[in-house]
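Residues 3 to 271 (our numbering) are what the sequence shown spells out, left to right.
Note that CB positions come from ideal geometry on N, CA and C, so glycine has one too.
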Amino acid sequence: MSFQLNPALKSSIQRITFIGQLLFQKGWAEKNAGNLSWDVTDDILEPLLSLTEFNVHPYADYPAELQNRWLFVTGTNTRFRDIEKKPDQCLGLLHFLENQNGYACVWGGQNNFKPTSELHSHLRLHHFLLKQKKIFKVVLHTHPDELIALTHLPETNNPETLNWALWGMLPEVKLFAPQGIGLVPYHLTGTDILAQATVEVLTHGHQVILWEKHGVLALGTDPEDAFDQIDVLNKAAKIYLLCKQTGQNPQRLTQSQIEEISRTYQKKI
Ligand SMILES: [Zn+2]
Numbered sequence: 003m004s005f006q007l008n009p010a011l012k013s014s015i016q017r018i019t020f021i022g023q024l025l026f027q028k029g030w031a032e033k034n035a036g037n038l039s040w041d042v043t044d045d046i047l048e049p050l051l052s053l054t055e056f057n058v059h060p061y062a063d064y065p066a067e068l069q070n071r072w073l074f075v076t077g078t079n080t081r082f083r084d085i086e087k088k089p090d091q092c093l094g095l096l097h098f099l100e101n102q103n104g105y106a107c108v109w110g111g112q113n114n115f116k117p118t119s120e121l122h123s124h125l126r127l128h129h130f131l132l133k134q135k136k137i138f139k140v141v142l143h144t145h146p147d148e149l150i151a152l153t154h155l156p157e158t159n160n161p162e163t164l165n166w167a168l169w170g171m172l173p174e175v176k177l178f179a180p181q182g183i184g185l186v187p188y189h190l191t192g193t194d195i196l197a198q199a200t201v202e203v204l205t206h207g208h209q210v211i212l213w214e215k216h217g218v219l220a221l222g223t224d225p226e227d228a229f230d231q232i233d234v235l236n237k238a239a240k241i242y243l244l245c246k247q248t249g250q251n252p253q254r255l256t257q258s259q260i261e262e263i264s265r266t267y268q269k270k271i
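See below:
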């Protein structure tokens, strides 16, 4: 008997599917760009009694905290827009084994599925979230145009001026992203150095990290939350660039207006 999805896990697949469609419609997920993982361990109501019917994939040396965790992950060379048509080929539900030597793909994973090539980075981030006892369960990487564009402009390619630009565009940015967006200098995609730099910047309390000249990495309590954080920040980036396209500098909210938002509406993450 194969693994039976309970209603919560079926709902998780639908929610990943919906966010996959939104990412594609936004133009943030060209070709097979982007990837997502979601720690759904809390939704696993019954432990696996036997692994004999599942293929166990060797995978060495994941942190002890990830033993017995369950993660939905997107596949390498799969498209966000295709999840709706073929969820069991674009997603896998991975159960990380107790002995730290591999995982079993207990649902999905059809048609030569391999987890995202960024799996190592995702695991590193989930490990960080568990150790820090954060509320976030989702790690989402995608390519929002306007935020990426800001890292190509010298005036916004540093954390201070980047957040100064974004917070000044509309009040909700300071409200929903009080810590601002973290900025990680360019590193080759898929490398441990990029993952390490991302974790280092996340320790400053950011929910979204902008990888210079590449894309964003967002944390979320669920896929909708991760998407919303990127959407709010990218909206501000878009308005900033719209103003610049007129040949003028945006007037911005004033510093005292931004401080008033902080004083009145505090969001703790
Ligand atoms: Zn990317």
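**Asked** Between Leu235, Tyr267, Pro225, Val234, which lies nearest to isoleucine 15 when the distance is taken from Cα to Cα?
**Response** Of the candidates Leu235, Tyr267, Pro225, Val234, the one whose C-alpha sits nearest the C-alpha of isoleucine 15 is Pro225.
**Asked** Terminal residues of the continuous beta strand (DSSP E) containing histidine 97?
**Response** Residues 93-98.
**Request:** Compare the Cα-Cα distances from tryptophan 169 to each of Pro117, Leu255, Leu127 and report the closest residue.
**Result:** If we check each option's Cα against that of tryptophan 169, Leu255 comes out closest.
**Message:** Using only CA atoms, which one of Leu68, His122, Leu172 lies nearest to asparagine 101?
**Reply:** The residue with the shortest Cα to Cα distance from asparagine 101 is Leu68.
**Message:** Quick check: the Cα distance between glutamate 214 and phenylalanine 98, rounded to an integer number of angstroms?
**Reply:** Whole-angstrom Cα-Cα distance: 32 Å.
**Asked** Roughly how far, in whole angstroms, is the beta-carbon of leucine 235 from the beta-carbon of valine 175, given that I think they are within contact range, below 8 Å?
**Response** A Cβ-Cβ separation of about 7 Å places leucine 235 in contact with valine 175 under the 8 Å criterion.
**Item:** Where lysine 270 falls, given that 16 or more other Cβ within 10 Å makes a residue buried
**Value:** Because the pLDDT at lysine 270 is just 48, under 50, the model does not fix this residue reliably, and the point stays unresolved.
**Item:** Distance cut-off 7 Å: alanine 35 Cβ against heavy atoms of ligand 2
**Value:** For ligand 2, the structure offers nothing, since it holds only ligand 1.
**Message:** Going by the DSSP bridge assignment, what does tryptophan 358 pair with across the sheet?
**Reply:** Beyond the ends of the chain as shown, which are 3 and 271, falls residue 358; an answer cannot be given.
**Message:** Quick check: is any heavy atom of ligand 1 less than 7 Å from the C-beta of glycine 29?
**Reply:** Incorrect: glycine 29 has no Cβ contact closer than 7 Å to ligand 1.
**Asked** Is proline 9 helix, strand or coil by DSSP?
**Response** Note: proline 9 maps to helix in three-state DSSP.
**Asked** Which first and last residues belong to the alpha helix (DSSP H) in which histidine 124 is found?
**Response** Taken as a continuous stretch (DSSP letters only), the alpha helix (DSSP H) holding histidine 124 covers 121-133.
**Asked** Where DSSP assigns a beta bridge to proline 252, which residues make up the other side?
**Response** Among the bridge pairs identified by DSSP, proline 252 is matched with none.
**Item:** CB contact check: isoleucine 137 to chain B, cutoff 8 Å
**Value:** Considering every chain present, this structure includes no chain B. It has just one protein chain.
**Item:** Residue span of the alpha helix (DSSP H) that contains serine 258, given as start and end
**Value:** First-last of the alpha helix (DSSP H) with serine 258: 257-266.
**Message:** Buried or exposed, going by whether 16 or more other CB atoms sit within 10 Å of the CB of glutamate 120?
**Reply:** In this structure glutamate 120 is buried. Its beta-carbon is surrounded by 16 or more other beta-carbon atoms within 10 angstroms.
**Asked** Does any heavy atom of ligand 1 sit closer than 7 Å to the C-beta of threonine 158?
**Response** Checking the Cβ of threonine 158 against ligand 1 gives no.
**Asked** Looking at C-beta atoms only, is the number of pairs between the stretch 243-257 and the stretch 34-51 that lie closer than 8 Å three or more?
**Response** Flag = no, the stretch 243-257 and the stretch 34-51 do not touch.
**Message:** Quick check: leucine 93 and threonine 78, are their CB atoms within less than 8 Å of each other?
**Reply:** The answer is no: Cβ separation not under 8 Å.
**Request:** From the DSSP output, read off the bridge partner residues of proline 60.
**Result:** According to DSSP, proline 60 bridges with Gly104.
**Asked** Would you report the Cα separation of lysine 88 and phenylalanine 5, rounded to the nearest angstrom?
**Response** Using only the alpha carbons, I get a separation of about 18 Å.
**Message:** Please list the terminal residues of the continuous beta strand (DSSP E) segment that includes asparagine 160.
**Reply:** Per DSSP, asparagine 160 belongs to no beta strand (DSSP E) and is neither H nor E.
**Asked** Rounded to whole angstroms, how far is the Cβ of asparagine 34 from the Cβ of threonine 80, which I believe are closer than 8 Å?
**Response** Right, their Cβ atoms sit about 6 Å apart.
**Asked** So is the beta-carbon of threonine 191 under 7 Å away from any non-hydrogen atom of ligand 1?
**Response** Correct: threonine 191 has its Cβ closer than 7 Å to ligand 1.
**Message:** Let's see if you can read the secondary structure: which residues bound the beta strand (DSSP E) around asparagine 37?
**Reply:** According to the DSSP assignment, asparagine 37 belongs to the beta strand (DSSP E) that extends over 37-41.
**Request:** Determine contact between the stretch 49-65 and the stretch 142-158, defined as no fewer than three beta-carbon pairs at a distance below 8 Å.
**Result:** No, because fewer than three Cβ pairs between the stretch 49-65 and the stretch 142-158 fall closer than 8 Å, the two stretches do not touch.
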